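*Asks:* As given, the protein sequences belong to chains A and B, one line each in that order. The end of the first sequence is residue 265 by the working numbering, with every number in the run present. The end of the second sequence is residue 1356 by the working numbering, with every number in the run present. Just so you know, even glycine gets a beta-carbon here, dropped at the ideal spot from N, CA and C. Just so we're clear, the structure is a prediction, and the values are computed from it rather than from any experiment.
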Amino acid sequence: MTKPFPALSLVLAVLSGPRSLGAQEEPARASSDAFGVEAGLTSLQLKDKVLNPLRHSGTFVWLGFFHERPRAASASRLDFQALFNPVASRYESEKNSFAANLRLAFRHAREVTTVGPDLHLLLGGTAEFFSQVAYFGDWDDSHAYWLTAYSLGPSGIVDYRRWEGQSLTLQVSLPVLALVSRPAAPILHKVDNNEFGSIVAKLHENLSFTSVHEHLSLDATARYTRHSARLGRSLFWRISYLHNSMRHSEAVDALRHTVGVSVVF
Amino acid sequence: MHSAHKLAARVSLLLAVAACGITDEDLKLPYTGYAPEALGDGWMISTPEAEGLDPERLDDVYGRLFSQEAYPTAHSLLVVRHGRLVAEGYARDPGERGRPHHIQSATKSITSILTGIALDQGLLSSVHTPLYDFIPEAFDDDPAKRGITLFHVLTMQTGLEFDNDVHTVKLFHSTGSSLEYVLHRNLVFTPGTSFYYHDGNPQLVSGVLQAVSGMTEEQLAAQYLFGPLGIEDYRWERHADGLTFGAFGLWLRPRDMAKIGLMLVQGGTFGGERIVSSEWIDEARTPHTPQGDYGYYFWLLPEGVFRAEGHGGQIIHVVQRDDLVVVLTADPYSSTSSLSPGMYGLVDEIVAAVRE
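Next up, the structure:
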């Protein structure tokens, strides 16, 4: 049985940090560029009807990297995640299935209004590359199930800084234009080519422009951050929901909850 | 403030929708019975009682086929007795009755039937002819391979090294000659001395059939097998070199799989017409391997029962003793042992339902 306490202690230790923060060290919204690392636990629910209408789910570790560029009236962030997530349906006792994700997202937002001294609203856009390959070993040992999307859309940030050295932010992005690849349904060939080049090519088969009527992708993150001059630490909860129903394929739904900590260097 | 509140409310709504979670749906339909529907597709419909089958046992079997708790990979189950379709069920989607289904390695058995037809038609003279006589251009310089006969190929005794988990994918996606791909593999034993099941050998038969007939295996099937059986809606994959895949890649509708079974159980005739000689069927269901459970691309079971069988649970089960055919289809790429252990037992229970 997993003991949660060491992990929880680590999270609290990261968040509490050295007690050296003072008002004079509190960075304003303007700050220097920074790289950061995120780590945590992620829970994925996945239903790809090209395979079957069953929900596959599983929890695994999360590791992500990002680059932030906060400015006085704007904020930019580049996220990169390469994730592996074992999943299983209700019929499987062992997890012979997995989903592997690759995500590269750039978001830029400018401040559009403030509410008092504490609440800042930033609006902007997001550009994202997302690719998910799922392999359901027991259900289909011959084909990959994927979704690849290049997408553009608006994003928004609500930044609340009521307390000294701390902030609470809610970030939401919702791409409205997307170039998406999904497997055709039904699959009418015996087996996929498993050479690397063929897999990459397959992930871009049937690329089609679409919008939210077929491709809904919501990414929202709630983040509590303690700032210091040299180090920023955050506790975050991220929810990503994706629904795609391209005409040539069957619907796929993916819901991911992630809880973790991030450290900015 | 007002706009911020509205945005927050909408974001909250989307978050709430997303947070509800993805629902798990039932894999199968509710069970409503197994009576076949008369479609005017050439099948005579009957009842278990009229054809000497125990209806309660059939009901029990079909109830489990449709169970959400068992055999999640199962798709369809059909029973033919005395030439009549007496039971039929599609657990996933009734539309599957009209859709061709990948029968995987049960394709090999079709290749066997077509080899018999080629003999009947005089396109082949004997199964003991060396393969080299038909397709010499595909051989490499290894003289030992020239001892491989059509018999060795039909009984999986060529000795050519071919790991299905590796080489089937490579064969499927190779761009050169599929015959060379198989024949240029190493010999791991002297032809005719051991049984080694793989997807390479039937590809050689496909090459031989094309060499002697001037038609692809699919074209041969269309003329001599599918046409006479009234099988019109099917799909058969080809290699890049144009050869029909002899080991896999055939999609048939379940009722058309049952027609193949009916022709086999009747000793090679269908609708009064001779499709393939009864001698070939007898040879095809005769043990030719040391283990005694394999004929010419048919798996042999006790008491003269034989069947075509494909990965995942695609079965044409032929019981000549009882004039009975059972067809089972399932997810064609799935692991039966992991997800649907005991699924083949449904077929055995249908056989056990024979009363007379």
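So with Cβ pairs under 9 Å, would you call residue 1333(B) a contact of chain A?
*Replies:* yes
*Asks:* Along the beta strand (DSSP E) that carries residue 168(A), what are the first and last residues, could you check?
*Replies:* 166 to 173
*Asks:* If contact is defined by three or more beta carbon pairs under 8 Å, each pair taking one atom from either stretch, is the stretch 156 to 176 of chain A in contact with the stretch 1345 to 1355 of chain B?
*Replies:* no
*Asks:* From the DSSP output, in three-state form, read off residue 28(A) for me.
*Replies:* The pLDDT assigned to residue 28(A) is 45, lower than 50, so where the model puts this residue is not dependable, and the model offers no usable value.
*Asks:* Taking only runs of the beta strand (DSSP E) that begin and end inside the stretch 41 to 87 of chain A, which ones reach a length of at least 3 residues, in chain order?
*Replies:* If we require 3 residues or more, the beta strand (DSSP E) runs fully inside the stretch 41 to 87 of chain A come out as 56 to 70 and 74 to 87.
*Asks:* What residues from the stretch 1236 to 1252 of chain B come within 7 Å of chain A, judged by C-beta to C-beta, listed N to C?
*Replies:* 1237, 1248 and 1249
*Asks:* What's the C-alpha gap between residue 1247(B) and residue 1035(B)?
*Replies:* 33 Å
*Asks:* When you measure from the CB of residue 1229(B) to every non-hydrogen atom of the ligand NAD, does any distance come out below 8 Å?
*Replies:* In the structure shown, the ligand NAD is absent, as is every other ligand, since no ligand is present at all.
*Asks:* Check whether the Cβ atoms of residue 1251(B) and residue 1224(B) lie closer than 9 Å to each other.
*Replies:* no
*Asks:* If I follow the unbroken beta strand (DSSP E) through residue 1114(B), where does it start and stop?
*Replies:* That residue, residue 1114(B), is in no beta strand (DSSP E); its alpha helix (DSSP H) goes 1106 to 1120.
*Asks:* Does any C-beta atom of chain B lie closer than 9 Å to the C-beta of residue 67(A)?
*Replies:* Residue-level contact by beta carbon fails for residue 67(A) and chain B, as no gap is shorter than 9 Å.
*Asks:* Going by alpha carbons, who is nearest to residue 103(A) out of 149(A), 247(A) and 172(A)?
*Replies:* 149(A)
*Asks:* Could you work out which residue in 1179(B), 1208(B) and 1075(B) is closest to residue 1124(B) when comparing CA atoms only?
*Replies:* 1208(B)
*Asks:* How would you list, in chain order, the residues of chain A whose beta-carbon sits under 7 Å from the beta-carbon of residue 1059(B)?
*Replies:* Near residue 1059(B) there are no residues of chain A at all, since even the closest Cβ is about 24 Å away, more than 7 Å.
*Asks:* Do you know how far the Cα of residue 214(A) is from the Cα of residue 247(A)?
*Replies:* 8 Å
*Asks:* From residue 1114(B) to residue 1122(B), what distance separates their C-alpha atoms?
*Replies:* 12 Å
*Asks:* How far does the beta strand (DSSP E) with residue 156(A) in it extend, from its first residue to its last?
*Replies:* 145 to 160
*Asks:* Counting along the chain, where does the beta strand (DSSP E) carrying residue 1285(B) start and finish?
*Replies:* Segment: none, residue 1285(B) is in no beta strand (DSSP E) and carries neither H nor E.
*Asks:* Can you find at least 3 beta carbon pairs, one from the stretch 1084 to 1091 of chain B and one from the stretch 1043 to 1059 of chain B, that sit closer than 8 Å?
*Replies:* yes
*Asks:* Taking Cβ to Cβ, would you say residue 170(A) is nearer than 9 Å to residue 154(A)?
*Replies:* no
*Asks:* CB residue 1263(B) to CB residue 1329(B), shorter than 9 Å?
*Replies:* no
*Asks:* Where residue 92(A) and residue 49(A) are concerned, what is the direct C-alpha to C-alpha distance, given to the nearest angstrom?
*Replies:* 17 Å
*Asks:* Which bits of chain B does residue 55(A) rub up against, with CB to CB less than 9 Å?
*Replies:* 1021, 1022, 1023, 1024 and 1025
*Asks:* In the DSSP assignment, what residue or residues form a beta bridge with residue 1329(B)?
*Replies:* 1076(B)
*Asks:* Tell me whether the beta-carbon of residue 241(A) lies closer than 9 Å to the beta-carbon of residue 207(A).
*Replies:* Not in contact: residue 241(A) and residue 207(A) (Cβ atoms no closer than 9 Å).
*Asks:* With distances taken from CA atoms, which of 1156(B), 1159(B), 1185(B) and 1158(B) is nearest residue 1170(B)?
*Replies:* Among 1156(B), 1159(B), 1185(B) and 1158(B), the Cα nearest to that of residue 1170(B) belongs to 1185(B).
*Asks:* Hey, residue 1304(B) and residue 1291(B): beta-carbon distance below 9 Å or not?
*Replies:* Cβ distance not < 9 Å, so residue 1304(B) and residue 1291(B) don't count as in contact.
*Asks:* Is the beta carbon of residue 132(A) closer than 9 Å to that of residue 105(A)?
*Replies:* no
*Asks:* To the nearest angstrom, how far is it from the Cα of residue 1065(B) to the Cα of residue 1077(B)?
*Replies:* 8 Å
*Asks:* Which stretch, first to last residue, makes up the beta strand (DSSP E) that contains residue 1190(B)?
*Replies:* Element bounds for residue 1190(B): n/a, residue is neither H nor E.
*Asks:* Can you confirm whether residue 1162(B), when its beta carbon is compared against all beta carbons of chain A, has any partner nearer than 9 Å?
*Replies:* no
*Asks:* Would you decide whether residue 109(A) is buried or exposed? Buried here means 16 or more other CB atoms lie within 10 Å of its CB.
*Replies:* buried
*Asks:* Can you grab the Cα-Cα spacing for the pair residue 1166(B) / residue 1160(B), in whole Å?
*Replies:* 14 Å
*Asks:* At which residues does the beta strand (DSSP E) containing residue 101(A) begin and terminate?
*Replies:* 97 to 115
*Asks:* How many Å lie between residue 1138(B) and residue 1274(B) at the Cα?
*Replies:* 34 Å
*Asks:* Out of curiosity, what's the CA-to-CA distance linking residue 28(A) and residue 1024(B)?
*Replies:* At residue 28(A) the pLDDT is 45, less than 50, meaning the model places this residue with poor confidence and gives no usable figure here.
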